[in-house]
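Below is one structure, written out as structure tokens; comments come after it.
2 protein chains.
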Amino acid sequence: MPAVSKAKPAPNGRGRRAARASGDERERAILETAERLLEERPLSEISVDDLARGAGISRPTFYFYFPSKDAVVLTIIDRLVAAAADSREEALKMLAAGEPRAGLRQALEDLYGAFRSRRAVSLAAAELRMTNPEARELWSQVMEGWVADTAAVIEAERTRGTAPPGQPARDLAIALVQMNERVQYATFTEEAPSLDEDRVLDVLVDIWLRAIYGTAEPS
Amino acid sequence: MPAVSKAKPAPNGRGRRAARASGDERERAILETAERLLEERPLSEISVDDLARGAGISRPTFYFYFPSKDAVVLTIIDRLVAAAADSREEALKMLAAGEPRAGLRQALEDLYGAFRSRRAVSLAAAELRMTNPEARELWSQVMEGWVADTAAVIEAERTRGTAPPGQPARDLAIALVQMNERVQYATFTEEAPSLDEDRVLDVLVDIWLRAIYGTAEPS
DNA sequence: CAAGCCTATCAACGGTGTGTCGAGAAGATC
DNA sequence: GATCTTCTCGACACACCGTTGATAGGCTTG
Numbered sequence: 004m005p006a007v008s009k010a011k012p013a014p015n016g017r018g019r020r021a022a023r024a025s026g027d028e029r030e031r032a033i034l035e036t037a038e039r040l041l042e043e044r045p046l047s048e049i050s051v052d053d054l055a056r057g058a059g060i061s062r063p064t065f066y067f068y069f070p071s072k073d074a075v076v077l078t079i080i081d082r083l084v085a086a087a088a089d090s091r092e093e094a095l096k097m098l099a100a101g102e103p104r105a106g107l108r109q110a111l112e113d114l115y116g117a118f119r120s121r122r123a124v125s126l127a128a129a130e131l132r133m134t135n136p137e138a139r140e141l142w143s144q145v146m147e148g149w150v151a152d153t154a155a156v157i158e159a160e161r162t163r164g165t166a167p168p169g170q171p172a173r174d175l176a177i178a179l180v181q182m183n184e185r186v187q188y189a190t191f192t193e194e195a196p197s198l199d200e201d202r203v204l205d206v207l208v209d210i211w212l213r214a215i216y217g218t219a220e221p222s
Numbered sequence: 004m005p006a007v008s009k010a011k012p013a014p015n016g017r018g019r020r021a022a023r024a025s026g027d028e029r030e031r032a033i034l035e036t037a038e039r040l041l042e043e044r045p046l047s048e049i050s051v052d053d054l055a056r057g058a059g060i061s062r063p064t065f066y067f068y069f070p071s072k073d074a075v076v077l078t079i080i081d082r083l084v085a086a087a088a089d090s091r092e093e094a095l096k097m098l099a100a101g102e103p104r105a106g107l108r109q110a111l112e113d114l115y116g117a118f119r120s121r122r123a124v125s126l127a128a129a130e131l132r133m134t135n136p137e138a139r140e141l142w143s144q145v146m147e148g149w150v151a152d153t154a155a156v157i158e159a160e161r162t163r164g165t166a167p168p169g170q171p172a173r174d175l176a177i178a179l180v181q182m183n184e185r186v187q188y189a190t191f192t193e194e195a196p197s198l199d200e201d202r203v204l205d206v207l208v209d210i211w212l213r214a215i216y217g218t219a220e221p222s
């Protein structure tokens, strides 16, 4: 991969140029085309040519704006992730101050909503993660954020004496966060065994509560 | 796709011919090459040519034995799934008769082991699921099997009075089974936040027990 | 304003991978 | 030994990728 022209050292790390003037519109057109096409078919069935044509330019010109198809999708995912991070902060405030059940429900609901509202992008992220290390890294950071927050909440509840001891808080957090990811993904794709859109949060909240606050002493 | 010669109507539905004599060895060679290469790199970085050369034949000859790279991997996954299904039956016997904690632990351990012992194939299955409908369908059936069994166990425990009521048994089962899939996948790939090989079962068993047998009444 | 310099564009090329077609070789079977 | 079946591959057509080099317009700036 030869240098991406010299240019200014890209404000965003994603490798697309700074972009100015009319080129800005083109760049937006590419991103919008990508989002539009992702509503229709999976990432693997979208070519660079599709993106270029959709944005009204030729394939080589596409490469003037983005170094690859993956870079386009990563830019889109970046935005989704940023939006979801805001949701997370909101949710944590609510959780920190009070009622566990209501707070947790609100938190998981916001999170679910953030991805539900951009279903196609969420699915593309999962697809890209399979083949693209950068996407893997990005998603890792996202997961790590939620795990850290969740672990902190669990620790706090245990210290407060409202939650009983058990598995290490971080381990519990990892499993719960990963459960949410998988269950939500299944719901989005409506794959074979999956939870209904309107049941998924009830079930997840219940498991979180039992895992965090419950003790299981089967007779 | 023109008819696969006429031949006998393939014993297996996967679309490869019945194969006889020396062709049998070739077919095995292809499958073994695929498994070997999957230990080294992801499915997306293996070409039909790699498989052909690995089996000592040319690319066109490969197509005499399998209609595509995907078909090879599906055949391999088929076998893994069959082996795992055996594990499942074993595990259920143990669960049906007695101690929930020990039984459940044993069940999840067997399941984990079945996929752990063929880590590369398990990861390839996950990768293929993203792009191949047939792989998706196959995996769906696998998940459905475990969900059905798990739901049955939960129902039974509730009827026996050993487990309290709660979310519908099937919904609970779906979330738990999907959690296991995701958590185990993360452990296999050692991705960013993931559970240690030797902690993963402790954590999963604990969550299952709390989700099934526990009630959560946060103060 | 002419000379230079960025931004933006694309035709054409070379490369990799896929799947098919048609022409055979090699070994049974009649 | 003629024929059929199994098995093999060279050569092709196609799709997609990423790069090169040439060009055209705008915006400085001396």
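For the record, the sequence lines run as chains B and C. Read in order, the letters of the first sequence correspond to residues 4 to 222 in the working numbering. Read in order, the letters of the second sequence correspond to residues 4 to 222 in the working numbering. Cβ atoms here follow ideal geometry from the backbone N, Cα and C, with glycine treated the same way.
Note down, in chain order, each residue of its chain lying with its Cβ closer than 7 Å to the Cβ of C:L107, except the 5 sequence neighbours on either side.
So the qualifying residues of the chain are L98, V208, W211, L212.
I believe B:A189 touches C:Q181 by the beta-carbon criterion, under 8 Å. Please report the beta-carbon distance rounded to the nearest angstrom.
That belief holds up - the Cβ atoms of B:A189 and C:Q181 are roughly 6 Å apart, short of 8 Å.
With distance defined between alpha-carbon atoms, name the residue in C:D53, C:A88, C:G217, C:E93 nearest to C:V75.
Per the Cα distances, C:D53.
Going along the chain, which residues of its own chain have a beta-carbon closer than 7 Å to the beta-carbon of B:V206, five neighbours each way excluded?
Cβ within range, chain order: L198.
List, from N- to C-terminal side, the alpha helix (DSSP H) runs of 4 residues or more that fit wholly inside the stretch 58-139 of chain B.
Counting whole runs of 4 or more residues, the stretch 58-139 of chain B contains the alpha helix (DSSP H) stretches 62-68, 72-99, 103-119, 122-134.
How is the alpha helix (DSSP H) around B:D201 delimited, first residue to last?
Here B:D201 belongs to no alpha helix (DSSP H), and DSSP marks it neither H nor E.
Taking the alpha helix (DSSP H) that B:E184 belongs to, which residues open and close that run?
Looking at the DSSP string, the run of the alpha helix (DSSP H) that includes B:E184 is 172-192.
Consider the Cβ of B:G223: report whether some Cβ of chain C lies at a distance smaller than 7 Å.
Nothing can be reported for residue 223 of chain B: it is not among the residues displayed for chain B, which extend from 4 to 222.
Can you list, in chain order, the residues of the stretch 157-174 of chain B whose Cβ is nearer than 9 Å to any Cβ on chain C?
So the close ones are E160, G164, T165, A166, G169, Q170, P171, R173, D174.
In angstroms, rounded to a whole number, what distance separates the CA positions of C:V145 and C:V84?
Near 7 Å, if we compare the C-alpha coordinates of C:V84 and C:V145.
Any beta-carbon of chain C closer than 7 Å to the one on B:M182?
B:M182 counts as touching chain C.
Under 7 Å, do B:V203 and B:I177 count as touching if we go by C-beta distance?
Going by C-beta atoms, B:V203 is not nearer than 7 Å to B:I177.
Exposed or buried, what is C:K72 when buried is set at 16 or more other beta-carbons lying within 10 Å of its beta-carbon?
Classification for C:K72: buried.
I want to verify the contact list: residues of chain C whose CB lies under 9 Å from the CB of B:S47, in sequence order.
Result: M133, T134.
Interface residues of chain B around C:P196 at Cβ under 9 Å?
By Cβ distance, chain B contributes S143, M146, E147, W149, V150, A151, R173, A176, I177, V180, Q181.
For B:A155, return the contacting residues in chain C, with the cut-off set at a CB-CB distance below 8 Å.
Those do not exist, as B:A155 stays about 14 Å from chain C at its closest Cβ, beyond 8 Å.
For a cutoff of 7 Å on Cβ pairs, would you count C:R213 as touching chain B?
Interface residue, yes.
Using the Cβ count rule (16 or more neighbours within 10 Å means buried), how would you classify B:G116?
It counts as exposed.
Grab me the residues of B:E112's own chain with a C-beta within less than 7 Å of its C-beta, minus the 5 sequence neighbours each way, in chain order.
Result list for B:E112: L204, in chain order.
Which chain B residues are close to C:A189, counting only those with a beta carbon under 8 Å from its beta carbon?
The answer, in chain order, is I177, Q181.
Can you list the residues of chain B that C:I80 reaches, using a CB-CB cut of under 7 Å?
In chain order: nothing, as chain B lies at least about 15 Å away.
Do you know offhand how far C:A123's Cα is from B:A87's?
Approximately 32 Å, taken between the alpha carbons.
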